[in-house]
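**Student:** Position one of the sequence shown corresponds to residue 7 (our numbering), numbered consecutively onward.
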Amino acid sequence: MRQQILRMPRRAAFTLVELLVVIGILIVLLSILLPVLAHVRKEGQRAACMANLRQLGQAYTSYLSGNDGRGIGYARHAVQPPNLRGMKRPTAAR
Numbered sequence: 007m008r009q010q011i012l013r014m015p016r017r018a019a020f021t022l023v024e025l026l027v028v029i030g031i032l033i034v035l036l037s038i039l040l041p042v043l044a045h046v047r048k049e050g051q052r053a054a055c056m057a058n059l060r061q062l063g064q065a066y067t068s069y070l071s072g073n074d075g076r077g078i079g080y081a082r083h084a085v086q087p088p089n090l091r092g093m094k095r096p097t098a099a100r
């Protein structure tokens with residue numbers, strides 16, 4: 007009876023081959039998942055960029071509505087460029 011008490015039940019353990027198979031399966035799954043995750047990341051960056059561009063457009067539209075349609079760089083009395091018709095082109099220095 008004492009021998010039965012001292013004996014511990016054997017724990018089931020994985021063999022080396024089973025562990026290597028599991029590691030191999032995990033590597034294959036990761037090699038499939040990594041390109042997909044990179045694509046998803048790029049699409050997320052694209053969505054964030056589009057959201058930023060939309061906000062810039064809305065801000066500029068709001069600016070235009072508050073300034074009587076005059077945008078950035080608008081000058082009420084803009085200087086007109088000189089009329090260059092009939093003028094000779096300068097010759098290049100040789």
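Here a beta-carbon is modelled for each residue, glycine too, at the ideal position from N, C-alpha and C.
Can you tell me whether threonine 67 is helix, strand or coil according to DSSP?
**Tutor:** Within the sequence shown, numbered from 1, the residue matching residue 67 stands at position 61. DSSP places threonine 67 in helix when its eight states are reduced to three.
**Student:** If leucine 70 sits next to glycine 77, beta carbons under 8 Å apart, how far is it from one beta carbon to the other, in whole angstroms?
**Tutor:** For the purposes of this step, residue 70 is identified with residue 64 of the sequence shown, where counting begins at 1. For the purposes of this step, residue 77 is identified with residue 71 of the sequence shown, where counting begins at 1. Their Cβ separation, rounded to whole angstroms, is 6 Å, which keeps leucine 70 and glycine 77 in contact under 8 Å.
**Student:** Measure the alpha-carbon distance for isoleucine 31 versus asparagine 58 and round it to whole angstroms.
**Tutor:** Taking the first residue of the sequence shown as 1, we reach residue 31 at position 25. Taking the first residue of the sequence shown as 1, we reach residue 58 at position 52. Their backbone Cα atoms lie some 41 Å apart in a straight line.
**Student:** Between the C-alpha atoms of valine 23 and glutamate 49, what's the straight-line distance to the nearest angstrom?
**Tutor:** Start at 1 with the first residue of the sequence shown, and residue 23 comes out as number 17. Start at 1 with the first residue of the sequence shown, and residue 49 comes out as number 43. One alpha carbon belongs to valine 23, the other to glutamate 49, and they sit about 40 Å apart.
**Student:** Mapping DSSP to helix, strand and coil, what is alanine 19?
**Tutor:** Taking the sequence shown and counting its residues from 1, one reaches residue 19 at position 13. Three-state result, alanine 19: coil.
**Student:** Taking the alpha-carbon positions, what's the valine 28 to proline 41 distance?
**Tutor:** Reading the sequence shown from its first residue, position 22 is the one you call residue 28. Reading the sequence shown from its first residue, position 35 is the one you call residue 41. If I take the Cα positions, the gap works out to 21 Å.
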